[in-house]
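Some notes on the structure that comes next.
Residue numbers (this note's numbering), protein chains in the order written: chain S, 8 to 190; chain B, 20 to 212.
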């Protein structure tokens, strides 16, 4: 009886120690470079780069499959940061993937909306609430302004509204010129 | 030498773990829809089965038998197999990311595969020595892989075949599995262990 308890205990304690040690020793935190690139990307999940979201694009950049100038929402600033991070030359935005636009959110004209749910399926960040044959609306806070909901709408009731600059969301414009020259 | 060869042949063909012992049916039915996934699953199972049967044998021989604790076999084997799988998963993620991506979700899933527990238990029952236990595990894995890959190929063929509507899907899979089991019975004469 005592032996059984002791043996079971010793087996489990041994296993626990080995696994605990291994989980510290063999820790992997994803692919660090992919996460770093993903952090720079604007997380609009718009797919304009040709990949189904920001993370896949980050993975593609890390694997050398994609160029750094395919992200219109990130703009010039984003490309500069990516170039810095990866130690490559800056190159202007590839026009194939679209033009940078001011940050905006989608607004549904609720009197025209027929409740078809097509935009809900298109939204990559689940920022649209609504049900079949019920009016839909957009959670402004969640909307990334990716415009993916515009094409599927059969009655064209979604508009992009530029976010006006207020004292709440104003910040210093980039690029900030460095006072001290780096060498 | 012939003895060891016989163990392998016996466990691959004659006493096939899936078709004769009826163990590990869950992945046999579950992941045999596509050939790719079934190959990954076979590889992962082969690995876990071999390592699992060796470690379980060690624990059984050096810890359980000397203290007369054979009745703790099931629970300690389960714990050991789960731990071995966890550990290999960590090592794999760190050192062989490509392999880790191929095996992916299958590795932790295998912990609950009854074939993986069945083989160490059979090892203990048949009182194999270490080498025999390892070969038994490897052979079981080979048999499992053979049958799983054959079955997945058959099912992929059926996808394109003009089968009666009523029979499509699970019905046909069950029938195929039964027929495969029958045909494997033909190997019984091979081995008189």
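Ideal Cβ positions, reconstructed from N, Cα and C, are used throughout, including at glycine.
- Residue 136 of chain B is positioned such that its CB atom lies closer than 8 Å to that of residue 96 of chain B.
- One Cα belongs to residue 94 of chain S, the other to residue 76 of chain S, and the distance between them is close to 14 Å.
- Setting aside the 5 residues that flank it on each side, residue 111 of chain S is surrounded in the same chain by 152, 167, 168, 169 and 170, each with a C-beta closer than 7 Å to its C-beta; the list follows chain order.
- Between the alpha carbons of residue 187 of chain B and residue 31 of chain B lies a gap of roughly 29 Å.
- For residue 10 of chain S, at least one C-beta of chain B is nearer than 8 Å to its own C-beta.
- In the DSSP assignment, residue 167 of chain S is bridged to S:113.
- As computed with DSSP, residue 145 of chain S is found in a beta bridge with S:135.
- For residue 109 of chain B, the nearest CB of chain S lies under 8 Å from its own CB, placing it at the interface with that chain.
- Counting C-beta pairs with one atom in each stretch, the stretch 52-66 of chain S and the stretch 124-138 of chain B have fewer than three that are closer than 8 Å, which means they do not touch.
- Per DSSP, reduced to three states, the secondary structure at residue 87 of chain S is helical.
- Within the stretch 66-79 of chain B, the residues whose Cβ lies closer than 9 Å to any Cβ of chain S are, in chain order, 78.
- For residue 43 of chain S, the closest C-alpha among the options S:130, S:134 and S:88 is that of S:88.
- In this structure residue 177 of chain B touches residue 191 of chain B by the C-beta definition: roughly 6 Å separates them, less than 8 Å.
- Considering only beta carbons, no part of the stretch 128-161 of chain B lies closer than 9 Å to chain S.
- With a threshold of 16 other beta carbon atoms within 10 Å, residue 115 of chain S meets it and is buried.
- Shown here for residue 96 of chain S: same chain residues with a beta carbon closer than 8 Å to its own, the five before and five after excluded, namely 90 in chain order.
- The beta carbons of residue 159 of chain B and residue 36 of chain B sit closer together than 8 Å.
- Residue 115 of chain B carries a coil assignment under DSSP once its states are collapsed to helix, strand and coil.
- Within the same chain, 119 come within 6 Å of residue 112 of chain B by CB-CB distance, once the 5 residues on both sides are set aside.
- Going by beta carbons, residue 146 of chain S and residue 113 of chain S fall outside the 8 Å limit.
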